[in-house]
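Residue 106 in the numbering used here is what sits at position 109 of the sequence shown, and the numbering runs on without skipping anything. Encoded as structure tokens, the structure appears first; notes follow it.
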Amino acid sequence: MYYKTLKILKRKFQREEKEVIVMLIPTYAILILFMGYPLLNSLYFSFQKYRLSQPNKIGFNGIENYINILNDPNLKLIMFNTLKWVFFTLILQFILGFILALALRKPFKGRNFYQAIVFLPWALSNFVVGLTFQWMFNGEYGVINDLLLKLKFISHKISFLGSTTFALWTVIIAMVWIGIPFFAIMILAALQSIPEELYEAAEIDGAGVIMQFLNITLPLIKPTIIVTLLLRTIWIFNSAELIYVMTYGGPGNSSNTFVSYMFLKAYSSLNFGEASAMGVLVMICLMLYSIIFIRITGYAEGSEF
-2 MYYKTLKILK RKFQREEKEV IVMLIPTYAI LILFMGYPLL NSLYFSFQKY RLSQPNKIGF
58 NGIENYINIL NDPNLKLIMF NTLKWVFFTL ILQFILGFIL ALALRKPFKG RNFYQAIVFL
118 PWALSNFVVG LTFQWMFNGE YGVINDLLLK LKFISHKISF LGSTTFALWT VIIAMVWIGI
178 PFFAIMILAA LQSIPEELYE AAEIDGAGVI MQFLNITLPL IKPTIIVTLL LRTIWIFNSA
238 ELIYVMTYGG PGNSSNTFVS YMFLKAYSSL NFGEASAMGV LVMICLMLYS IIFIRITGYA
298 EGSEF
């Protein structure tokens, strides 16, 4: 009787397993269609001489695209810009988002309305934000120049978008403004999931605000911090819309990052071969970064959280 029951259960589990696989087939098909095919296509193009301006010369060229990228005289500047773009944008978004989440944690009058206003940047199109900040930082009629002049911080107008010193920083400011709500939403959700009893017990034991933050708040929201930092790093690295809209990578590539440079390679130079090779390099770099980041932060184990 016992073995008969086991056989029945085994057949049931096998049947359910097959049903799950069948139900997942549409999902796998969509992933292959919208992710697998473009990925393989990009890999294929990366080994092709593929310029739309020279349709008669399209053909296999081995690793020539990768060699051209490594020998590009602008590569050093672009890589430095990319590191600066990702690092400062991520740090500022995280710090300001964290502060905002802490400020919104406790209930107060009108909090829901304030949350809606604060989280509005996340709902706006990057294209619209880029146009708005482009107008704000305009060297002739921008509101930033006007404000700085009235406050006597500057004596003459500054061409923020036309300066090799300020161009990238203006785009970073715009990107920070967009990304703050993401960290605020995610961290606020994590903060609200922490039981208040823990803080009450810590307060009875004589723990101050700083000790409560270090020993209760930070450890319990650590998984959320790790995931948000990882995701946002990838998104910032892959973001090129603001750069394209606000500065077009100029002046003199001073605001170009690796991904925006790749975008210009594809749609300005029409060099889809080198652009595809750059896309493959981006994918490899981000995969390696993700693996290293997860191992360093200890998120892979997961059990301690």
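In this text, a Cβ means the ideal position worked out from N, Cα and C, and glycines have one as well.
Just to confirm, are residue i and residue j a CB contact at a threshold of 9 angstroms?
i, j, result
"Leu128", "Asn253", "no"
"Leu89", "Val19", "no"
"Asn250", "Asn71", "yes"
"Gly270", "Phe42", "yes"
"Trp82", "Ile233", "yes"
"Asn109", "Val242", "no"
"Ala186", "Thr221", "yes"
"Asn142", "Phe157", "yes"
"Met275", "Tyr264", "no"
"Phe57", "Arg229", "no"
"Thr244", "Leu121", "no"
Pop quiz: residue i and residue j are said to be a contact at Cβ under 8 angstroms. What is the actual Cβ separation, rounded to whole angstroms?
i, j, result
"Gly94", "Ile184", "6 angstroms"
"Pro118", "Ile175", "5 angstroms"
"Leu217", "Ile191", "5 angstroms"
Alpha carbon to alpha carbon, how far is residue i from residue j?
i, j, result
"Glu38", "Tyr111", "Here residue 38 turns out to be Asn, not Glu, going by the sequence shown. For Asn38 and Tyr111, the distance between alpha carbons rounds to 46 angstroms."
"Leu28", "Asn235", "20 angstroms"
"Gly136", "Leu146", "12 angstroms"
"Ala98", "Val206", "16 angstroms"
"Ile151", "Leu87", "28 angstroms"
"Phe372", "Leu227", "Past the edges of the chain, shown from -2 to 302, lies residue 372, and the structure says nothing about it."
"Lys219", "Leu101", "19 angstroms"
"Leu285", "Val279", "10 angstroms"
"Val256", "Phe84", "15 angstroms"
"Leu195", "Ile213", "7 angstroms"
"Val168", "Ser287", "25 angstroms"
"Gly159", "Ile96", "33 angstroms"
"Val126", "Glu238", "10 angstroms"
"Ile177", "Val140", "22 angstroms"
"Ile55", "Leu267", "12 angstroms"
"Leu40", "Arg48", "16 angstroms"
"Leu30", "Leu21", "14 angstroms"
"Tyr138", "Phe130", "12 angstroms"
"Ser273", "Trp132", "33 angstroms"
"Tyr63", "Cys282", "14 angstroms"
"Val313", "Gly107", "Outside the shown range of the chain (-2 to 302) lies residue 313, about which nothing can therefore be said."
"Ile60", "Phe44", "6 angstroms"
"Pro78", "Val224", "Sequence inspection shows Asn at residue 78; the Pro mentioned does not correspond to that position. Cα-Cα distance, rounded: 24 angstroms."
"Glu301", "Met208", "Residue placement at Glu301 is poorly supported in this model, since its pLDDT is 46, which falls under 50; the coordinates still yield a value, given next. The straight-line gap from Cα to Cα measures roughly 20 angstroms."
"Glu193", "Lys103", "11 angstroms"
In the DSSP output, what is residue i paired with across the bridge?
i, result
"Lys46", "Gly56"
"Asn268", "Arg48"
State yes or no: is the C-beta of residue i nearer than 8 angstroms to some heavy atom of the ligand SAM?
i, result
"Phe163", "Looking at this structure, you won't find the ligand SAM or any other ligand, since it has none at all."
**Q.** Contained alpha helix (DSSP H) runs [length at least 4] in the stretch 181 to 217, N- to C-terminal order
**A.** Entirely contained in the stretch 181 to 217, the alpha helix (DSSP H) runs reaching 4 residues are, in chain order, 193 to 201, 206 to 209.
(Q) Please give me, in chain order, every unbroken run of the alpha helix (DSSP H) with length at least 4 that falls completely inside the stretch 107 to 133. (A) Every unbroken stretch of the alpha helix (DSSP H) spanning 4 or more residues and falling wholly within the stretch 107 to 133 is given here in chain order: 108 to 115, 117 to 120, 123 to 133.
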